[in-house]
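Worksheet for the structure shown next.
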């Protein structure tokens, strides 16, 4: 029964991929005849069927990969097809493993759930890690921006200059600054900063964005404010480290009690208990 279900699953996946590719190719062909400029809507590559699979979700996948620090947008084209291929291979391996039917079914369900859920969870964890990493590097950016502003640069010019200087130091922070600089040339610096705050939901980024926006609205000097803000961020980071060190003693007390105190109590009481049993036996 499981063999038939696995074969049907593989056949259904292959038929779905082929039909989706043919439907996408026909749709693109119809659109190209109606357009004045005959531009290819799909990049000319091999495996168009796989590339066209789940095209509607590609933009969301691209954004997830960018948030997780994977800046190659082509990876999104192969994300869902890779899941289907891996699920098919795992199903075939489980089927030919020689396990009992019930164990095969349980293993197949666990494998499918893991293949579907685990990559998305890893991307979400990677996104949170990237936000923390960029937030920790933000004080260095503020110091360099303060120096740039003191030399007479505008905020936009400072962003445009610093993204190249930050490549060797932190490529992820450099990418965010470059994206903000490019967006400021199209939508304006305030909209670009608000988008940066949305991409990096952290208190440090929010403070930085509010400081720059306030400067744009009221025309106040921003160089000294950026230096003070960088110092405050470093102080907050130091306080967080001290807080973790302070909690370490309380966390270590649990393994200390379980692994040291209980064995010591047993070693102390065991001879007396053995002696009591010996006397009662007499």
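Residue numbers (this note's numbering): 3 to 284.
Here a beta-carbon is modelled for each residue, glycine too, at the ideal position from N, C-alpha and C.
Keep in mind the model is a prediction, meaning the values are calculated, not measured.
Item to check | For residue 208, the nearest candidate out of 140, 96, 131 and 120 (CA to CA) | outcome: Of the candidates 140, 96, 131 and 120, the residue whose Cα lies closest to the Cα of residue 208 is 140.
Checklist entry - Exposed or buried, which one is residue 179 when buried takes at least 16 other CB atoms within 10 Å? => result Buried, since its Cβ has 16 or more Cβ neighbours within 10 Å.
Checklist entry - Taking all protein chains shown into account, do 16 or more other C-beta atoms lie within 10 angstroms of the C-beta of residue 131, making it buried, or fewer, making it exposed? => result Burial call: exposed.
Item to check | Boundaries of the alpha helix (DSSP H) in which residue 249 is found, first to last residue | outcome: That run of the alpha helix (DSSP H) goes 225–258.
Checklist entry - Taking one C-beta from the segment 139–158 and one from the segment 167–185 each time, how about it: are there three or more such pairs within less than 8 Å? => result The segment 139–158 vs the segment 167–185: in contact.
Checklist entry - Taking three-plus beta-carbon pairs below 8 Å as touching, is the segment 227–234 in contact with the segment 183–199? => result Because the criterion of three Cβ pairs below 8 Å is not met, the segment 227–234 and the segment 183–199 do not touch.
Next on the checklist: Any contact between the segment 108–128 and the segment 158–168? By contact I mean 3 or more CB pairs, one from each, below 8 Å.
Outcome noted: Contact between the segment 108–128 and the segment 158–168 is absent, because fewer than three Cβ pairs lie under 8 Å.
Checklist entry - Would DSSP call residue 74 helix, strand or coil? => result Coil, per DSSP.
Item to check | Outcome for residue 156 when other beta-carbon atoms lying within 10 angstroms are tallied against a minimum of 16 | outcome: It counts as exposed.
Item to check | Residue interval of the alpha helix (DSSP H) (run including residue 155) | outcome: Annotation: residue 155 is outside any alpha helix (DSSP H) and is labelled neither H nor E by DSSP.
Item to check | Where residue 162 sits in the DSSP three-state scheme | outcome: Here residue 162 carries a helix assignment [DSSP, helix/strand/coil].
Item to check | residue 169 (DSSP reduced to helix, strand or coil) | outcome: Looking at residue 169 - three-state DSSP - the assignment turns out to be coil, as it is neither helix nor strand.
Checklist entry - Under the rule that 16 or more other beta-carbon atoms within 10 Å means buried, what is residue 147, buried or exposed? => result Buried: at least 16 other Cβ atoms inside 10 Å.
Checklist entry - Between which two residues does the alpha helix (DSSP H) carrying residue 67 extend? => result Start and end: 60–69.
Next on the checklist: Whole angstroms are fine: how far does the CA of residue 77 sit from the CA of residue 52?
Outcome noted: The predicted model places residue 52 with a pLDDT of 49, which falls under 50 and marks its position as unreliable; any figure quoted below should be read in that light. Going from the Cα of residue 52 to the Cα of residue 77 covers about 12 Å.
Checklist entry - Where does residue 99 sit, in a helix, a strand or coil, going by DSSP? => result Of the three classes helix, strand and coil, the one that applies to residue 99 here is coil, per DSSP.
Next on the checklist: Considering only the alpha carbon of each residue, which of 216, 69 and 143 lies closest to residue 169?
Outcome noted: Among 216, 69 and 143, the Cα nearest to that of residue 169 is on 143.
Next on the checklist: If the criterion is Cβ atoms closer than 7 Å, does the pair residue 109 and residue 117 meet it?
Outcome noted: Contact flag unset, no.
Item to check | Backbone CA spacing between residue 153 and residue 225 [nearest angstrom] | outcome: About 10 Å.
Checklist entry - Does the beta carbon of residue 233 sit closer than 7 Å to a beta carbon anywhere in chain B? => result Checking the listed chains, one finds no chain B in this structure; it contains a single protein chain.
Checklist entry - How many angstroms separate the CA atom of residue 133 from the CA atom of residue 258? => result Using only the alpha carbons, I get a separation of about 34 Å.
Checklist entry - By DSSP, does residue 204 sit in helix, in strand, or in coil? => result Coil at residue 204, not helix or strand.
Item to check | Beta-carbon gap between residue 113 and residue 92 smaller than 7 Å | outcome: Closer than 7 Å, so yes.
Next on the checklist: Quick check on residue 274: does DSSP put it in helix, strand or coil?
Outcome noted: Helix, per DSSP.
Next on the checklist: Can you give me the C-alpha to C-alpha distance between residue 46 and residue 150, rounded to a whole angstrom?
Outcome noted: Low per-residue confidence applies at residue 46: pLDDT is 44, beneath 50, and the placement is therefore not dependable, though the value from the model is reported in the following sentence. Rounded to whole angstroms, residue 46 to residue 150 spans 44 Å at the Cα level.
Item to check | Sub-7 Å separation of residue 81 and residue 63 beta-carbons | outcome: Their beta carbons are under 7 Å apart, which means residue 81 touches residue 63 by this criterion.
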